[in-house]
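Keeping their order, the protein sequence lines are chains Y and S.
All residue numbers for the first sequence refer to this note's numbering, where the first residue is 1 and numbers rise by one.
All residue numbers for the second sequence refer to this note's numbering, where the first residue is 1 and numbers rise by one.
Working notes for the structure below.
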Amino acid sequence: MWESFLIGVNTVFQPESLLAIAVGVLWGIIGGMIPGINASIAMALLLPFTWGMEPATAVMLLAGVYCGGEYGGSIPAILIGTPGTTAAACTVIDGYELHKQGRTGEGLYTSLLASCYGGLLSALVLIVVAVPLAAVALSFGPSEYFALAVMGLTLICSLGGKNVFKGILAGIFGIFVATVGFDPFAGVPRFTFGSLSLAEGFEMISVMMGLFAMSELFQQAQEIKSGDEAFVLQSQVKTTFLKWKQIREIFPVATISSIMGIIIGALPGVGATTAAFVAYSENKRWSKDGHTFGKGNIKGVAAPEAANNGATGGAMVPFLALGIPGSNSTAILLGALMIHSVNPGPTLFEKNPEIPYGIFGALIVANIMMFFLGFLAIKLAIKVTNLSKPVLIAVITALVYTGAYAYSADAFDIIVTLAFGVLGFIMKKYGLPHTSTVLGFVLGFIMEVNFRRALIVTQGDYFAALFNSKLSTVILLIALISVTVSIWQNLKKPVDVGNISA
Amino acid sequence: MKGKSKIKLALALGLVFLLIFSAGCGAKKETKAQWPSKDITLIYHSKPGSGGDIFLRSLAKPMEKALGKAVVVDNKPGAGGLNAWKPAAEAKDGHTFLGVSSTIITAPILNKMPVDYKSFDPIAMMFVDPMILFVKADAPWNTIQEFIADAKKNPGKFNIAGGVPGELGFVAGMMLMEKADIKFNVVPFESGGDAVVSVMGSHIHGAIGEYGETASAIEAGKVKVLVGFNPVPGTKIPTVKDAGLDIEIEKFRGVLAPKGTPKEVIDKLIDASKKALEDPEFKKYYENLKLQPVFKPGAEFTKVMEAQDAQIRKYMSNK
């Protein structure tokens, strides 16, 4: 292994490799910052350029894009309340709140620091435990995936502000939205009303861009028109770096969240977005100051960002150790290797050690480079706060529609984005948290297919399907306790846990 | 002074060459058939980097050599495939064609689409993606016969992953049950990769999937193959035919043209795609992926598609 590691180091510290990683990270950050271009799309856009490269250089470039993209999404999440990538959806909750309070710098640098740290930690952990971690991924069957999705969903209980049931209602609506499209078990279209555009269901990008970005833009436009701007964007936002005390404060949160990111990222089919939501939810639950999550707590930025970058290393586990792409991003890495007739999988470690160890090295270098390139990006991005609001709204609208179209190359998705924008705007008026809806949408499908799969495997035995293993039982119990506690607390005395629907 | 005149001379000569060259081009056009007169587009229904996309991009290179024009792959994902198939069926420029997999048969049936394989003229079927039945490496069965015997004793006990209903993996599972007279549960999995992981984690007993998606797990000795529904080139995997099971199922890859494409054009494309199979670089691609080259031009391809259409309809209603 030591010898292979040296091959990896040798591969990474070639001038062209370092250049490829730097270009990749920069491109990833830019792509991530543009709403609608998430890490996997930014990678797909660069894919054709990698076909003339050495396979190892190609995967290092793409690994750089992957890291940069997962980070870049947090910048617009904090500055304009619009996550640049789906995995940054959770960062909006506290990040945008910080910005509204004028603590923009704290939000942005927490995100940068947590992302780099999460990514770095996951890359280092990966070198040691890639193979044992694959065993963890294998212990997740249909029942365990279902339990994990249920645990992630319990967050909806605490997103409703004063009224726990509003969060639950919005979450259930999200689950319903996820059922639209092809039913993979019965083999029939559901809720498509004969429209083939709905045959594959709603695109996550369009749903999210609509609920987050468009609804926010509608609201701001309305505020400008009616003259009662609830919050005037400070021209004098504080952009100072974090204090040492704050860094110490986010350090444990980021560590736990990156570990969650690594594990959840390693599960095929779930990914950075789920990791970010679960990390946010668990940190909120267990932190002493959990009740200030949603009111502009830097820990609420650190948790999802450390988790979604932690997931980058985790996602490499099934890809490298089992040869199976567990996410869109690793599917593109697979494509980049296959065009060069290199087959990923366990044999890769022996046949082409420069590729797995090159990826490990690239992830480490990429996260260090990201720290400096991120500074640059922040310095530039922060200037958008100086733009006049109407101009900003117009530009973001154009970007959001372009992103929605670019993702699927289907004009229908622009309509979907607009429709969910209107819906999100109405939800805001009634205090229904759209984050719950997005969460329901992301986890609803995972939950449904795995539960139905578990039922087929157990031949219809509900008890066996739910409590298949110790793992699924424990996860479900945690979920049950957390829901009971939230509802009980809410019924006893409605506490304000932060109005994050704004 | 001297240098300037040299430049002038060079320019004049260049102009003369250009004239001769362009005249030559014109003459060529008039005498020979005019197709292809511009770049050729191959539309495909999935995203860049997907298996089918890589197939077309690898095919495009030898096709360019044979046809003398650039061959561009245009990915049009979404709407279950319709976003790609509709514009391809309606293309009128004579230079737009469609890369297909068995999805062109399954998706229109499942989603009741206005476009299906009959909206196109066949160029050629090129490959079969071999499908296999595999189980975990430490499973009690080593051959398909042992599995069938055990399944006969335990009807409905074993869980085997297949694609979603209507997909070929699912149909293959149904056919295996019918022909071998056994009963097991076909568990729908949307992605072949997830099914491999579930088999390795002992959550299900086995899976039916593409050899290509399973290759690395097989090589690493994590799963073993009981039977191939198609021959897997370069391996000794026994097929269903060897086991005496009358199952004919072919997950194909090929190229179609819009209805009404002139015969000369189709013939040229058939020729170009046949030549592509001999191209060393393309050969490396499909041998590495263990695709089984099955070249069936024109009407032969239509026959395969018709048979598959009937097959899927039959096992959909059988459910």
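Glycine residues also receive a C-beta, built at the ideal position from the N, C-alpha and C atoms.
Against chain S, with Cβ distances strictly below 8 angstroms, would residue 138 (chain Y) count as a contact?
The residue given as residue 138 (chain Y) occupies position 138 in the first sequence. At least one chain S Cβ lies under 8 angstroms of residue 138 (chain Y).
Can you say whether residue 488 (chain Y) is buried or exposed, counting buried as having 16 or more other CB atoms within 10 angstroms of its CB?
On the first sequence, position 488 is the one that residue 488 (chain Y) refers to. Result: exposed.
Once DSSP output is grouped into helix, strand and coil, what is the label at residue 113 (chain S)?
Stepping through the second sequence from its first residue, residue 113 (chain S) is reached at position 113. In this structure, residue 113 (chain S) counts as coil in the three-state DSSP scheme.
Considering only residues of the same chain and omitting the five flanking positions on each side of residue 285 (chain S), which have a CB-CB separation below 6 angstroms?
The residue you call residue 285 (chain S) lines up with position 285 of the second sequence. 58, listed in sequence order.
Could one say the Cβ of residue 473 (chain Y) lies closer than 8 angstroms to chain S's Cβ atoms, at least one of them?
Position 473 of the first sequence, counted from the start, is the residue given in the question as residue 473 (chain Y). Look at residue 473 (chain Y): its C-beta is not under 8 angstroms from any C-beta on chain S.
Quick one: grab the DSSP three-state call for residue 141 (chain Y).
The residue labelled residue 141 (chain Y) in the question sits at position 141 within the first sequence. Three-state result, residue 141 (chain Y): coil.
Under 8 angstroms, Cβ to Cβ, is there at least one residue of chain S near residue 196 (chain Y)?
Counted from its first residue, the first sequence places residue 196 (chain Y) at position 196. With a threshold of 8 angstroms between beta carbons, residue 196 (chain Y) makes contact with chain S.
Short of 8 angstroms in beta carbon distance, which residues of its chain neighbour residue 17 (chain Y), apart from the five on each side in sequence? Order them along the chain.
Looking up residue 17 (chain Y) in the first sequence gives position 17. Take residue 17 (chain Y), set aside five residues on each side of it, and the residues of its chain with a beta-carbon closer than 8 angstroms to its own are 11, 56, 57, 60, 358 and 362, in chain order.
Given this structure, state the Cα-to-Cα distance separating residue 128 (chain Y) from residue 314 (chain Y), to the nearest angstrom.
For this step, residue 128 (chain Y) is matched to residue 128 along the first sequence. For this step, residue 314 (chain Y) is matched to residue 314 along the first sequence. Taken atom to atom, the span from the alpha-carbon of residue 128 (chain Y) to that of residue 314 (chain Y) is near 12 angstroms.
Which term fits residue 286 (chain Y), buried or exposed, when burial requires 16 or more other beta carbons within 10 angstroms of its beta carbon?
Counting from 1 along the first sequence, the entry for residue 286 (chain Y) is found at position 286. Counting Cβ neighbours within 10 Å, residue 286 (chain Y) comes out exposed, since fewer than 16 surround it.
Taking DSSP as the reference, what is the three-state secondary structure of residue 329 (chain Y)?
Residue numbering aside, residue 329 (chain Y) sits at position 329 when the first sequence is read from its first letter. In the structure shown, residue 329 (chain Y) falls within a helical segment according to DSSP collapsed to helix, strand and coil.
Please confirm whether residue 93 (chain Y) has its beta-carbon closer than 8 angstroms to some beta-carbon of chain S.
Working through the first sequence from its first residue, we reach residue 93 (chain Y) at position 93. Not one chain S Cβ lies under 8 angstroms of residue 93 (chain Y).
Own chain, CB closer than 6 angstroms to residue 349 (chain Y), minus 5 neighbours either side, in chain order:
Mapped onto the first sequence, residue 349 (chain Y) falls at position 349. Here the set comprises 356.
In three-state DSSP terms, what is residue 339 (chain Y)?
On the first sequence, residue 339 (chain Y) is found 339 positions in, with the first residue counted as 1. When secondary structure is reduced to three states using DSSP, residue 339 (chain Y) falls in the coil class, being assigned neither helix nor strand.
Classify residue 280 (chain Y) as helix, strand or coil using the three-state DSSP reduction.
As a working mapping, residue 280 (chain Y) is identified with position 280 in the first sequence. Helix at residue 280 (chain Y).
Based on Cα-Cα distance, which residue from Y:300, Y:318 and Y:290 lies nearest to residue 262 (chain Y)?
Counting from 1 along the first sequence, the entry for residue 262 (chain Y) is found at position 262. Answer by Cα proximity: Y:318.
My parser needs the alpha helix (DSSP H) runs of 4 or more residues fully inside the region 217 to 305 of chain S; what are they?
The region 217 to 305 of chain S is shown to contain whole alpha helix (DSSP H) runs of 4 or more residues at 263 to 276 and 280 to 288, in chain order.
Residues in its own chain within less than 8 angstroms of residue 182 (chain S) by CB, not counting five upstream and five downstream?
The sequence position of residue 182 (chain S) within the second sequence is 182, counting from 1. Excluding sequence neighbours, residue 182 (chain S) sits near 148, 151, 152, 155 and 176.
Cβ-based neighbour list, residue 290 (chain S), same chain, cut-off 8 angstroms, excluding 5 preceding and 5 following:
Here residue 290 (chain S) refers to the residue found at position 290 of the second sequence. Excluding sequence neighbours, residue 290 (chain S) sits near 130, 211, 212, 215, 232, 233, 234 and 235.
Would residue 4 (chain Y) count as contacting chain S if we go by Cβ distances under 8 angstroms?
Your numbering for residue 4 (chain Y) matches position 4 in the first sequence. So, not an interface residue.
Could you tell me whether the Cβ of residue 190 (chain Y) comes closer than 8 angstroms to any Cβ of chain S?
In the first sequence, the residue the question calls residue 190 (chain Y) occupies position 190. Residue 190 (chain Y) does not count as touching chain S.
Nearest neighbour of residue 141 (chain S), chosen from S:205, S:82, S:191 and S:92 [CA to CA]:
The residue given as residue 141 (chain S) occupies position 141 in the second sequence. For residue 141 (chain S), the nearest C-alpha among the options comes from S:205.
Expected contact under 8 angstroms - CB spacing of residue 43 (chain S) and residue 96 (chain S) to nearest Å
Taking the second sequence and counting its residues from 1, one reaches residue 43 (chain S) at position 43. Taking the second sequence and counting its residues from 1, one reaches residue 96 (chain S) at position 96. Yes, they are in contact, since the Cβ atoms of residue 43 (chain S) and residue 96 (chain S) sit about 7 angstroms apart, within 8 angstroms.
Beta-carbon within less than 7 angstroms of residue 36 (chain S)'s beta-carbon, same chain only, minus the 5 sequence neighbours each way: which residues are those?
Counting from one through the second sequence, the residue named residue 36 (chain S) turns up at place 36. Excluding positions up to five away in sequence, the list reads 67, 69 and 95.
Beta-carbon contacts of residue 471 (chain Y) that lie in its chain and below 8 angstroms, excluding the five residues immediately before and after
Taking the first sequence and counting its residues from 1, the one referred to as residue 471 (chain Y) is at position 471. Correct list, in chain order: 139, 140, 144 and 147.
Here's a check: name, in chain order, each residue in its chain whose Cβ is nearer than 6 angstroms to the Cβ of residue 133 (chain Y), leaving out the five neighbours to either side.
As a working mapping, residue 133 (chain Y) is identified with position 133 in the first sequence. So the qualifying residues of the chain are 266 and 317.
Euclidean distance between Cα positions of residue 89 (chain S) and residue 261 (chain S)
Position 89 of the second sequence holds residue 89 (chain S). Position 261 of the second sequence holds residue 261 (chain S). Roughly 11 angstroms separates the two Cα atoms.
Is residue 301 (chain Y) buried or exposed, if buried means 16 or more other CB atoms sit within 10 Å of its CB?
As a working note, residue 301 (chain Y) is residue 301 in the first sequence. By the C-beta density criterion, residue 301 (chain Y) is buried, having at least 16 other C-beta atoms within 10 angstroms.
So, for residue 198 (chain S): in the same chain, excluding its five sequence neighbours on each side, which residues have a beta-carbon less than 6 angstroms away from its beta-carbon?
Here the question's residue 198 (chain S) lines up with position 198 in the second sequence. If we look at residue 198 (chain S) and ignore the five residues flanking it on each side, its Cβ neighbours are 204.
Cβ-based contacts, 7 angstroms cut-off: residues of the region 328 to 351 of chain Y near chain S
Hits within the stretch, in order: 331, 332, 335, 338, 339, 341, 343, 344, 345, 346 and 347.
Spatial neighbours of residue 84 (chain Y) within its chain, please: C-beta separation below 7 angstroms, excluding the five flanking residues on both sides.
In the first sequence, residue 84 (chain Y) corresponds to position 84, counting from 1. Excluding five sequence positions before and after residue 84 (chain Y), the CB atoms of its chain that fall closer than 7 angstroms to its own CB belong to 32, 33, 34, 35, 72, 73, 75, 76 and 77, given in chain order.
Could you name the residues of the same chain whose beta carbon sits closer than 8 angstroms to that of residue 246 (chain Y), not counting the 5 residues immediately before and after it, in chain order?
The residue labelled residue 246 (chain Y) in the question sits at position 246 within the first sequence. Sequence-distant Cβ neighbours of residue 246 (chain Y) in its own chain, meaning closer than 8 angstroms and more than five residues away, are 106, 110 and 298.
Sequence ranges, alpha helix (DSSP H) only - wholly within the region 93 to 169 of chain S, length at least 4
Here the runs fully enclosed are 103 to 111 and 144 to 153.
Measuring straight from C-alpha to C-alpha, what distance separates residue 507 (chain Y) and residue 115 (chain Y)?
One cannot answer for residue 507 (chain Y) here, as it falls past the ends of chain Y, which runs 1 to 502.
Since residue 144 (chain S) contacts residue 243 (chain S) with CB under 8 angstroms, what's their CB separation in whole angstroms?
Counting from 1 along the second sequence, the entry for residue 144 (chain S) is found at position 144. Counting from 1 along the second sequence, the entry for residue 243 (chain S) is found at position 243. Between residue 243 (chain S) and residue 144 (chain S) the Cβ distance is about 5 angstroms, and since that is below 8 angstroms, they are a contact.
By the criterion of Cβ-Cβ separation under 7 angstroms, what are the contact partners of residue 184 (chain Y) in chain S?
Stepping through the first sequence from its first residue, residue 184 (chain Y) is reached at position 184. Within chain S, the residues whose beta carbon sits less than 7 angstroms from that of residue 184 (chain Y) are 164, 188 and 190, listed in sequence order.
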